[in-house]
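Asker:
Residue numbers (my numbering): 303 to 913.
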């Protein structure tokens, strides 16, 4: 509940609960536990036990259906689909880290009627754990703050595969008739020891099934002392000043500042993969990137539109190599932008435009979406975004002699049409059509002597992608069958964007209430499969995937057994991952040289406390 400053609301809440504050008389109301994003996409803190929540019980707290995990928690993911960037401003690069980070648009703000604490714990692969703690409360009706901390340490089963991370988040939001504000501070640190995958001999030993190598630490890896450290801090504040009643007209500004460091360290130089280094006895490639973005805008409401926002945006960036005498790369850009939103009983409409006035490495952005509420929740979205692949792909200077470049890449142009709906026959039908111009990718085939020396490429021809995704959960009494299927086709002149033709996941499970309906049980099997394809390989020096067309991965099922339970606001998860690993042979890989996970047991819990 709110603190004592809440006055009448506090008295009403206590009255509703009754004279006693015992659990038996406590009335839990999910509608009083609201969370929302910067764009005000609203959801609620829900403690129910569902298959969709089980899919999100992982390190990134997202459904990883379109991803394949590496063999340790906290490592990068290999993407099975193409998801174009929605950011038209310049980014740092080291793009394989993106899936591990919380983006600005994903930060959650809260509005709660009583203090909420959420605790998460999950076991990992030797010597460590994954933990997440969230606390949020409203000081009064208008003011809320939240604190969240996530930490990970996992040694892993393979040599030099330890991963660790720390994520801290503070949010504040205030809303009154005259003034409203959203602010957050986010600090994220990723520390990954990088082994580069198995050597050729180790791959043969792994695939042979020799019991000698059941202990995976006996398999040799490419790098036994390489480490990546990625550290990002950002501050964001958005403020609105209302000059007319009921928010009809207000003036606003927002400010977003980020600073990012990345450091790749290797104590002993291994010239077999990246070539020689004549300038140093060790590798220490460290770079820093800073950005600041400020917007000044007017908001107004009218009879025709619920909200229209327009204004100016100023974007600045600065990039340099740490411990180098080279000059910094810095520039600024000016943009004009407009957003409009309208909501009725039958449809909602949203559009945004970012138009560049000057500056380099910054593009234009156009987005239009329409949702029909009475027509099977039909949603249509058109978007066109120009994005830069990242500043490190323009300038990079490594201690390795053969790794480095100084150029300016073209902007990637992503155009897409997305249509999705749901009805009584399908829980989800989603069609996505995309076209990509100036597609950026990394290749290593130019230098046949060294397997991992990266070379930057831009596709000269347009790439087109069509994707259909469907989902349906069938219920047969206490039994359920949840099915998701994704089919995609890539049209390209040269195989530089390689994806599986289809991905499938099916979960058959039982849901039951036992012990006089006190305990909810959910148990069953989940099977996932993706077709064979020429997967890109992870390149740890630049934390980016590079294209290869020699080894296919996929074509194997991944079957997990789970037993989940819920008691009041506590959810327990018992998971046997990849229980069929001994039945399919050692042909399961996440990348061409990184095996997928062996059979393992994981335990976790998610505990919500409401005071």
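Glycine included, C-beta positions come from ideal geometry on N, C-alpha and C.
#1: Excluding five sequence neighbours on each side, which residues of the same chain lie with their C-beta closer than 6 Å to the C-beta of residue 896?
#2: Do you know offhand how far residue 531's Cα is from residue 776's?
#3: Looking at the structure shown, is residue 589 part of a helix, part of a strand, or coil, going by DSSP?
#4: Classify residue 809 as helix, strand or coil using the three-state DSSP reduction.
#5: Please work out which residues of its chain come closer than 6 Å, Cβ to Cβ, to residue 489, disregarding the five sequence neighbours upstream and downstream, and give them in chain order.
#6: Between which two residues does the alpha helix (DSSP H) holding residue 357 run?
#7: Is residue 324 buried or exposed, if buried means 16 or more other CB atoms sit within 10 Å of its CB?
#8: If distances are taken between C-alpha atoms only, which option among 626, 666 and 621 comes closest to residue 638?
#9: Verify whether the separation of the beta carbon atoms of residue 634 and residue 663 is less than 8 Å.
#10: Grab me the residues of residue 901's own chain with a C-beta within less than 6 Å of its C-beta, minus the 5 sequence neighbours each way, in chain order.
#11: Counting Cβ pairs closer than 8 Å, one from the region 765-782 and one from the region 727-741, do we hit at least three?
#12: Is DSSP giving residue 745 helix, strand or coil here?
#13: For the beta strand (DSSP E) that contains residue 637, what are its first and last residues?
#14: Do you know offhand how far residue 793's Cα is from residue 383's?
#15: What does residue 870 pair with, by DSSP beta-bridge criteria?
#16: From the DSSP output, in three-state form, read off residue 538 for me.
#17: Should residue 743 and residue 761 be called a contact, given that it needs their Cβ atoms to be closer than 8 Å?
#18: Taking Cβ positions, are residue 889 and residue 840 nearer each other than 8 Å?
#19: Note the first and the last residue of the continuous beta strand (DSSP E) segment covering residue 298.
#20: If you follow the alpha helix (DSSP H) that residue 507 is part of, which residue opens it and which one closes it?
#21: Taking 6 Å as the limit between beta carbons, can you name the residues of its chain near residue 560, skipping five residues before and five after?
#22: Helix, strand or coil, according to DSSP, for residue 688 in the structure here?
#23: Does the distance from the CB of residue 474 to the CB of residue 447 come in under 8 Å?
#24: Should residue 904 go down as buried or exposed, given a rule of 16 or more other Cβ atoms within 10 Å for buried?
#25: Run the CB neighbour count on residue 677, radius 10 Å, all protein chains shown included, and call it buried at 16 or more, exposed below.
#26: For a quick check, are the C-beta atoms of residue 804 and residue 788 less than 8 Å apart?
#27: Given this structure, state the Cα-to-Cα distance separating residue 681 from residue 543, to the nearest angstrom.
#28: Mind checking whether residue 784 and residue 827 have CB atoms under 8 Å apart?
#29: Tell me where the beta strand (DSSP E) around residue 474 begins and ends.
#30: In the DSSP output, what is residue 596 paired with across the bridge?
#31: Can you give the Cα-Cα distance for residue 746 and residue 346, rounded to whole angstroms?
#32: In angstroms with no decimal places, state the Cα-to-Cα distance between residue 581 and residue 575.
#33: Would DSSP call residue 528 helix, strand or coil?
#34: Within the same chain, show all residues whose beta-carbon is closer than 8 Å to that of residue 660, passing over the 5 residues directly before and after it, in chain order.
#35: If distances are taken between C-alpha atoms only, which option among 431, 810, 331 and 693 comes closest to residue 360?
#36: State yes or no: is the C-beta of residue 524 within less than 8 Å of the C-beta of residue 377?
Answerer: Quick answer:
#1: 372 and 499
#2: 45 Å
#3: strand
#4: strand
#5: Closer than 6 Å at Cβ, skipping near neighbours: 470 and 535.
#6: Per DSSP, residue 357 belongs to the alpha helix (DSSP H) from 353-357.
#7: Its pLDDT being 40, under 50, residue 324 is placed unreliably in this model, and the coordinates cannot settle the point.
#8: 666
#9: no
#10: 880, 881 and 883
#11: yes
#12: strand
#13: 631-645
#14: 14 Å
#15: In the DSSP output, where bridge partners are listed per residue, residue 870 has none listed.
#16: strand
#17: Result yes, Cβ atoms of residue 743 and residue 761 sit closer than 8 Å.
#18: no
#19: Nothing can be reported for residue 298, as the shown portion of the chain is limited to 303 through 913.
#20: Here the alpha helix (DSSP H) through residue 507 covers 502-510.
#21: 536 and 593
#22: strand
#23: yes
#24: buried
#25: With fewer than 16 other Cβ atoms within 10 Å, it is exposed.
#26: yes
#27: Going by the C-alpha atoms only, they are around 32 Å apart.
#28: no
#29: 465-477
#30: 557 and 616.
#31: 46 Å
#32: 17 Å
#33: strand
#34: 635 and 636
#35: Checked all of 431, 810, 331 and 693; the closest Cα to residue 360 is 431.
#36: Cβ atoms of residue 524 and residue 377: not closer than 8 Å.
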